Every structure is written in structure tokens, then in C-alpha cells.
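In my numbering, the protein residues as written are 178 to 596.
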């Protein structure tokens, strides 16, 4: 029988053992493992969520590694579910096409291709596209829409088989998946093997400087094993036959970076912005423990505020719900002590979540209309990065006397007529 998890002892970028615990969150089950009522007897084990900093290369990372088969084979998240991500990918493809200027019918590979949304835009540009996606049902969805997809995990072995069947690629991309891969050295060997001499590797991932500065605690969960900055990535690429040539800071996920790398000695020049971003990281002392310890202290303060206001509302005999039912909401529920004892239910706009129950705590998920039907007095916006669209879509709830509680970027109660 496969182990449910194991603990890593070395940094996944530089293999150093010089690792320091800097943020300790509450243990949670797999964050996206929402269940139906007939699955309540299913044991949902909690695992540590502890962030370590490599004191040699500067990578922030989780060392408790869950068995990837338990997370991804029956994965339910789809790119098209995420507000604004489809348009972001459309724009990204436009940008990459202008930067790389690939010939017509060039070969593009997307690692962790999900439902094929990203590759669809390359196909529209006349590129040959191949996705690699371990979630079998999602991979099949992509195939059904015309995106050839291999239902596998990407590693050097998979890369070898792709090379034998399809040849090398002009563009290899990894969007919001690099952080999910444990064996990154083996993975990057696969990328290096598959890349044409004039090809590029395009990596898009969350940016740890934004995570810390904006208190994006809900991006920390078991799927996200690494929390990247540019300086460690530059060194990592150099150690594995690649060269970082460009960096761009982006808005999605609360703050991301797009990195472009080529084979060492490639024809493209290195952008000055690479040095600028690394200088910014050094100025913020991003690769030292203190910035992480300060982040942990802000989380403790936020938990105290939430518990105080929820306690006061319950003492007054009023009701509280939560808005959001994502993987990050699981992090929020466990770390802020929110369960069926103090939350009536969660609501979410995603119909695929409605009717399910949150991982471990089994808080029911309902449609947003339930806020008015049940006359909920207060609703905590747990999906806080979507404060604006949530408030806009639920103006009627406010007009009927309901109140929203924003937790970030500022802690504030919102009544009718307020923003």
C-alpha cells in the first residue's frame, strides 16, 4: 500500500539540508477534497502545513509531501473555473508569441495542462499542441475539445517518451504547476531534454514576495510545495543547463511571476529586469527568516479578529456564513477555527462545489441565494481576493440587511451603501 505522505529532508532546488521552519499553519486534509454526504465515513487525514526556508538558496517550501495520486488522479479543479484566468491565458499566449516568434506549426508542450484552455490559444495561432495532465477525467475533457493530452505526470521518463514520439518543442510551459511538483530536478531535466536549442521554457507561478506582503495565507496548502522567488530560480536554472532570460510580475493569484528560460548559450539576451527583481528581493530581505516570521504574526492577529467578531455575532444570537469553497478556503477554515459550530454553511458560485461538504470539517456548501433564503446576518468573505465581484453580485443580500465581513486587505464589515 502506498504511503499517504512522507517528509523531505533536502531543499528541492539545491538539495541543501540547511532548512529552517518559518511558518507553522494548522494541519489540514487535502484542501480540495470536498465530499458528498454519503462520503462522511471517508477518513480525511490531516497533514502538517509547515513552511521551511532554505538558508542556502532561499526557496520557501513545504517538506511534508502527500502522495500525488491521492491529490491529482481525481482532481476537480479546472482552469475555466477560476475567475479571470481564461482571459489571462489568452493574453499570456499573445505575449509569448511576440517574444518567441515561433514558426507556424511549431510544437508547444504544456505541463499540467488541465482542461487545455491555455493550449487552445496556441492552436488558434497555428501551433501544434500537446498537454500533459495527470488528472484523467480532466485530461479526457481536454481531448474531447481537440487538445491532444497525455494523462500522465511529467518527469524525465515522460519527457523521453514524448521526445521519441513527437520530437523536441519550441515552447514548453508550466502554468501554476511548478509549485506542485516535488522532484523539480528530475522535472527540469525532462524540460531540458525536450527543448529545441532555440526554444524557451515559460514558467508562471505564485510570487512569494506578494504572498508575504499581501498576507495571501490561503495560497499555502499541500498542493503548493514551493513558494518561489526569482533569485533561487535563476540559480536552479543555471545548475540544470538553462539560463533565466526574462521575468515579469503578474496579477493572478494575488501576485505571480512569469519566468522565461532558454538553454545555456542560447541566442536571446538577458533582460535587465531579471537583475532589478533580484535587487528588489535583496532589499526586502526575502531570503531571510524575519519576513516570514512577521507574516506568521499577522496571521495570528487576523485569527484573533475573526474569532472575536464571530464570537460576538453568535452571542447576539445571529448567524454567520462563509463565502468561498476553494482549496484555499480549507486553509482558512482550519487556521481561523471556523467549523459547523460557528458557520451555518459556505456558499460558492461554482455549481460543482454546491451540495458538497468542506474537507474534514464538513461545512455544507450551498448556492449564494441561500444567504437570503436563510436570512443570514453576516457572511465572511473567505475568498477575499474576489471581494469586489462578490459584493457586486450580492447587492440584493446587502439591500435586505445582510452584512459582509472583509478579512483582507483590510478587516471591515460592509453594510448596504458601503464598498
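Glycine included, each C-beta is placed from N, C-alpha and C at the ideal position. Predicted, not measured: the structure shown is a model, and the values here were computed from it.
Quiz prompt | Those residues which DSSP pairs with residue 435 across a bridge | solution = Working through the chain shown from its first residue, we reach residue 435 at position 258. DSSP output for residue 435 lists 381, 425 as bridge partner(s).
Quiz item: If we ignore side chains and look at the alpha-carbon of each, how far apart do residue 455 and residue 410 end up?
Solution: Locating residue 455 in the chain shown gives position 278, counting from the first residue. Locating residue 410 in the chain shown gives position 233, counting from the first residue. Their Cα atoms are separated by approximately 10 Å.
Practice problem: Determine contact between the region 384-397 and the region 437-452, defined as no fewer than three beta-carbon pairs at a distance below 8 Å. | Solution: The region 384-397 and the region 437-452 do not touch, with fewer than 3 CB-CB distances between them shorter than 8 Å.
Exercise. Grab me the residues of residue 269's own chain with a C-beta within less than 6 Å of its C-beta, minus the 5 sequence neighbours each way, in chain order.
Key: Sequence index remark: in the chain shown, residue 269 carries index 92 (1-based). Nothing meets the Cβ criterion.
Quiz item: Cα separation between residue 331 and residue 491?
Solution: Along the chain shown, read from residue 1 onward, the residue named residue 331 stands at position 154. Along the chain shown, read from residue 1 onward, the residue named residue 491 stands at position 314. One C-alpha to the other measures close to 49 Å.
Quiz item: So residue 504 and residue 559 are in contact, right, with Cβ under 8 Å, and what is the actual spacing, rounded?
Solution: As a first step, residue 504 is located in the chain shown; it is residue number 327 there, counting from the start. As a first step, residue 559 is located in the chain shown; it is residue number 382 there, counting from the start. Actually they do not touch by this definition, with Cβ atoms about 12 Å apart.
Practice problem: Please determine, among 276, 368, 298, 286, the residue with the shortest C-alpha to C-alpha distance to residue 264. | Solution: Start at 1 with the first residue of the chain shown, and residue 264 comes out as number 87. For residue 264, the nearest C-alpha among the options comes from 298.
Quiz item: Is the closest heavy atom of the ligand FMN to the C-beta of residue 226 under 7 Å?
Solution: What this structure holds is no ligand at all, so the ligand FMN is not there to describe.
Quiz item: For residue 593, does the three-state DSSP call read helix, strand or coil?
Solution: One-based indexing of the chain shown puts residue 593 at position 416. In the structure shown, residue 593 sits in coil (DSSP, three-state: anything other than H, G, I, E or B).
Practice problem: Can you give me the start and stop residues for the alpha helix (DSSP H) that residue 492 sits inside? | Solution: For the purposes of this step, residue 492 is taken as residue 315 along the chain shown, with counting starting at 1. It spans 467-492 - the alpha helix (DSSP H) in which residue 492 sits, taken as one unbroken run.
Quiz item: Which first and last residues belong to the beta strand (DSSP E) in which residue 455 is found?
Solution: Here residue 455 corresponds to residue number 278 of the chain shown, with the count starting at 1. No beta strand (DSSP E) holds residue 455; the alpha helix (DSSP H) holding it covers 449-460.
Quiz item: Does the region 413-433 touch the region 460-477, meaning 3 or more C-beta pairs lie closer than 8 Å?
Solution: Contact between the region 460-477 and the region 413-433 is absent, with fewer than three C-beta pairs closer than 8 Å.
Practice problem: Indicate whether the contact test is met: 3 or more Cβ pairs, each with one atom in the region 544-552 and one in the region 568-575, closer than 8 Å. | Solution: yes
Quiz prompt | Expected contact under 8 Å - CB spacing of residue 399 and residue 537 to nearest Å | solution = Along the chain shown, read from residue 1 onward, the residue named residue 399 stands at position 222. Along the chain shown, read from residue 1 onward, the residue named residue 537 stands at position 360. Wrong, their Cβ atoms sit about 12 Å apart, outside the cutoff.
Quiz prompt | Assigned secondary structure, residue 398 (DSSP; H/G/I helix, E/B strand, else coil) | solution = By one-based count along the chain shown, residue 398 stands at place 221. Coil.
Practice problem: Give the DSSP-derived three-state secondary structure of residue 587 in the structure shown. | Solution: By one-based count along the chain shown, residue 587 stands at place 410. Residue 587 falls in the coil class under three-state DSSP.
Practice problem: Specify whether the region 215-231 and the region 520-530 touch according to this definition: at least 3 beta carbon pairs, one from each stretch, less than 8 Å apart. | Solution: No, the region 215-231 does not touch the region 520-530.
Quiz item: Excluding sequence positions up to five away, which residues of its chain have a Cβ less than 6 Å from the Cβ of residue 320?
Solution: Within the chain shown, the letter at position 143 stands for residue 320. Only 326 meet the Cβ criterion.
Quiz item: What do you get for residue 353, buried or exposed, if any count of 16 or more other CB atoms within 10 angstroms of its CB means buried?
Solution: As a first step, residue 353 is located in the chain shown; it is residue number 176 there, counting from the start. Buried, by the Cβ-count rule.
Self-check item: For residue 498 and residue 556, believed in contact at Cβ under 8 Å, the rounded distance
Solution: Taking the chain shown and counting its residues from 1, one reaches residue 556 at position 379. Taking the chain shown and counting its residues from 1, one reaches residue 498 at position 321. Contact flag correct, Cβ pair sits at about 5 Å.
Quiz prompt | Candidates 404, 285, 366: closest to residue 199 by CA position | solution = Within the chain shown, the letter at position 22 stands for residue 199. Closest in C-alpha terms to residue 199, from the list 404, 285, 366, comes 404.
Self-check item: Option in 183, 205, 182, 243 with minimal Cα separation from residue 513
Solution: In the chain shown, the residue the question calls residue 513 occupies position 336. Nearest of 183, 205, 182, 243 to residue 513, Cα basis: 205.
Quiz prompt | Cα-Cα separation, residue 564 to residue 375 | solution = As a position in the chain shown, residue 564 is number 387, starting the count at 1. As a position in the chain shown, residue 375 is number 198, starting the count at 1. Rounded to the nearest angstrom, the two C-alpha atoms are 43 Å apart.
Quiz item: Cα separation between residue 489 and residue 483?
Solution: Taking the chain shown and counting its residues from 1, one reaches residue 489 at position 312. Taking the chain shown and counting its residues from 1, one reaches residue 483 at position 306. Spanning the two alpha carbons is a distance of roughly 10 Å.
Practice problem: Can you give me the start and stop residues for the beta strand (DSSP E) that residue 201 sits inside? | Solution: Translated into the one-based positions of the chain shown, residue 201 becomes position 24. 196-205 is the extent of the beta strand (DSSP E) around residue 201.
Quiz item: What are the boundary residues of the beta strand (DSSP E) that includes residue 497?
Solution: Counting from 1 along the chain shown, the entry for residue 497 is found at position 320. From DSSP, the beta strand (DSSP E) with residue 497 extends over 497-500.
Quiz item: Among 407, 185, 585, 182, which residue has its Cα nearest to the Cα of residue 390?
Solution: Position 213 of the chain shown, counted from the first residue, corresponds to residue 390. Cα-wise, what sits closest to residue 390 is 585.
Exercise. Report buried or exposed for residue 347, applying the criterion of at least 16 other Cβ atoms within 10 angstroms of its Cβ.
Key: As a working note, residue 347 is residue 170 in the chain shown. Residue 347 is classed as buried because its beta carbon has at least 16 other beta carbons within 10 Å across all chains shown.
Quiz item: Got a sec, what are the start and stop residues for the alpha helix (DSSP H) residue 313 sits in?
Solution: As a position in the chain shown, residue 313 is number 136, starting the count at 1. Where residue 313 is concerned, the enclosing alpha helix (DSSP H) stretches over 313-321.
Quiz prompt | Inter-residue spacing [alpha-carbon to alpha-carbon] between residue 460 and residue 435 | solution = Within the chain shown, the letter at position 283 stands for residue 460. Within the chain shown, the letter at position 258 stands for residue 435. Approximately 21 Å, taken between the alpha carbons.
Practice problem: Whole angstroms is fine: what's the gap from residue 316's alpha carbon to residue 294's? | Solution: Here the question's residue 316 lines up with position 139 in the chain shown. Here the question's residue 294 lines up with position 117 in the chain shown. The straight-line gap from Cα to Cα measures roughly 11 Å.
Quiz item: Whose C-beta lies closer than 7 Å to the C-beta of residue 197 among residues of the same chain, with five residues either side of it excluded?
Solution: As a position in the chain shown, residue 197 is number 20, starting the count at 1. Within the same chain, residue 197 has close Cβ partners 229, 230, 232, 466.
Quiz item: How should residue 464 be labelled, buried or exposed, when 16 other C-beta atoms within 10 angstroms of its C-beta is the threshold for buried?
Solution: Your numbering for residue 464 matches position 287 in the chain shown. Counting other Cβ atoms within 10 Å of its Cβ, residue 464 reaches 16 or more and is therefore classed as buried.
Exercise. Would you tell me roughly how many angstroms separate the C-alpha atoms of residue 178 and residue 527, rounded to the nearest one?
Key: The residue given as residue 178 occupies position 1 in the chain shown. The residue given as residue 527 occupies position 350 in the chain shown. Any reading at residue 178 needs caution, since the residue's pLDDT is 47, under 50, leaving its predicted position unreliable; the model's value is listed next. Going by the C-alpha atoms only, they are around 34 Å apart.
Quiz item: Does DSSP classify residue 464 as helix, strand or coil?
Solution: Sequence index remark: in the chain shown, residue 464 carries index 287 (1-based). Coil.
Quiz item: With a Cβ-Cβ cutoff of 8 Å, do residue 211 and residue 533 count as a contact?
Solution: As a first step, residue 211 must be located in the chain shown, where it is residue number 34. As a first step, residue 533 must be located in the chain shown, where it is residue number 356. Closer than 8 Å, so yes.
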